[in-house]
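J.: Protein chains in written order, with my numbering: chain A, 9 to 121; chain B, -12 to 101.
Even for Gly, the Cβ is constructed at its ideal location relative to N, Cα and C.
Quick one: the structure is below, questions incoming.
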């Protein structure tokens, strides 16, 4: 049973435009969320995270928005660059008493030059 | 910095064979994890360790065993390989438990069981 869902397997965006990647979760106990980026033949690398006490977290070109009532989060990349082309995984967990990250299935972002 | 190193990168096993996937980290992290990623699916936790000598099951532990005799190493053992274990395996480590800090992942081991 997939507790974290990324319903868009792929997304193509023009360079310089905004990329918006979406993620939904079903477990209301999740209170900490992360985004990982993965290039081919490499392991995932951490990108940005957000705690449920916030609704927005920004780091340079990357911003994550959290809507707790909708159990939805999104990653915005502005402006998108060709080097951002990768698979993006959303992950969720509980801040206390948990040692597992629950991952979504990933969204493949292609930024077209 | 090497970070998290996994060996081998690729392996083909016959049904019933056994093998050990190696994982080593040089960041002195207490927490280590093994995930598997099946095609079109998210990563799922197999086993994890919170320190040398301590291991625990994740979501999908059946068919696997682990040990953690040192802080640096966290090998994953497959005793009787089955086609259902065809997957990409990722080892990861983190300074604290998963919720508190991001994990650092190895490059992955692509395993095919035929």
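Taking Cβ to Cβ, would you say residue 74 of chain A is nearer than 8 angstroms to residue 43 of chain A?
T.: Cβ atoms of residue 74 of chain A and residue 43 of chain A: not closer than 8 angstroms.
J.: Just to confirm my understanding: we take residue 94 of chain B, look at its own chain, exclude 5 residues before and 5 after, and list those with CB closer than 7 angstroms. What are they?
T.: Only -7, -4 meet the Cβ criterion.
J.: Below 8 angstroms between beta carbons is the criterion; list the residues of the stretch 49 to 79 of chain A that meet it against any residue of chain B, in chain order.
T.: For the stretch 49 to 79 of chain A, which is checked against every Cβ of chain B, the residues closer than 8 angstroms are 49, 50, 51, 52, 53, 54, 57.
J.: When DSSP labels each residue in this structure, what does residue 12 of chain B get in the three-state scheme?
T.: Reduced to three states, the DSSP call for residue 12 of chain B is strand.
J.: Helix, strand or coil for residue 38 of chain B, going by three-state DSSP, please let me know.
T.: Strand at residue 38 of chain B.
J.: Nearest to residue 36 of chain B by CA position, among B/68, B/-2, B/74, B/78, is which residue?
T.: Nearest of B/68, B/-2, B/74, B/78 to residue 36 of chain B, Cα basis: B/78.
J.: What's the C-alpha gap between residue 22 of chain B and residue 32 of chain B?
T.: Approximately 4 angstroms, taken between the alpha carbons.
J.: Out of A/72, A/85, A/22, A/115, which has the shortest C-alpha to C-alpha gap to residue 14 of chain A?
T.: When each option's Cα is compared against that of residue 14 of chain A, the closest is A/115.
J.: Excluding the 5 residues preceding and the 5 following residue -10 of chain B in the sequence, name in chain order all residues of the same chain whose CB lies nearer than 8 angstroms to its CB.
T.: If we look at residue -10 of chain B and ignore the five residues flanking it on each side, its Cβ neighbours are 12, 13, 14, 91, 93.
J.: For the stretch 70 to 81 of chain B, which residues have a CB atom closer than 9 angstroms to at least one CB atom of chain A, in sequence order?
T.: Of all residues in the stretch 70 to 81 of chain B, 77, 78, 79 have a Cβ within less than 9 angstroms of some Cβ in chain A.
J.: Would you tell me roughly how many angstroms separate the C-alpha atoms of residue 40 of chain A and residue 52 of chain A, rounded to the nearest one?
T.: Spanning the two alpha carbons is a distance of roughly 18 angstroms.
J.: Which of helix, strand or coil does DSSP assign to residue 8 of chain A?
T.: The question about residue 8 of chain A has no answer, for chain A in this structure spans 9 to 121.
J.: Take residue 24 of chain B and list the residues in its own chain whose beta-carbon comes closer than 7 angstroms to its own, dropping the five residues that flank it on each side.
T.: 30, 74, 75, 77, listed in sequence order.
J.: Assess contact between the stretch 48 to 56 of chain B and the stretch 82 to 98 of chain A, defined as three or more Cβ pairs (one per stretch) separated by less than 8 angstroms. Is contact present?
T.: The stretch 48 to 56 of chain B vs the stretch 82 to 98 of chain A: no contact.
J.: Chain A partners of residue 93 of chain B, CB-CB under 8 angstroms?
T.: Neighbours of residue 93 of chain B on chain A, chain order: 51.
J.: Output needed for residue 20 of chain A: all residues of its chain with C-beta closer than 7 angstroms, excluding positions within five of it in sequence on either side, in chain order.
T.: Only 118, 120 meet the Cβ criterion.
J.: Could you work out which residues of chain E lie near residue 35 of chain B, taking near to mean beta carbons separated by less than 8 angstroms?
T.: The structure shown contains no chain E; its protein chains are A and B.
J.: Note down, in chain order, each residue of its chain lying with its Cβ closer than 6 angstroms to the Cβ of residue 58 of chain B, except the 5 sequence neighbours on either side.
T.: Cβ within range, chain order: 39.
J.: Please list the partners that residue 42 of chain A has in chain B, where partner means a Cβ-to-Cβ separation under 7 angstroms.
T.: Those are 89, listed as they occur along chain B.
J.: Quick check: what's the CA-CA separation for residue 65 of chain B versus residue 26 of chain A?
T.: Using only the alpha carbons, I get a separation of about 44 angstroms.
J.: So is residue 95 of chain A in contact with chain B if we call contact Cβ pairs under 8 angstroms?
T.: Answer no: the Cβ-Cβ gap between residue 95 of chain A and chain B never drops below 8 angstroms.
J.: Would you say residue 50 of chain B reaches chain A, if we count a Cβ-Cβ gap shorter than 8 angstroms as a contact?
T.: Answer no: the Cβ-Cβ gap between residue 50 of chain B and chain A never drops below 8 angstroms.
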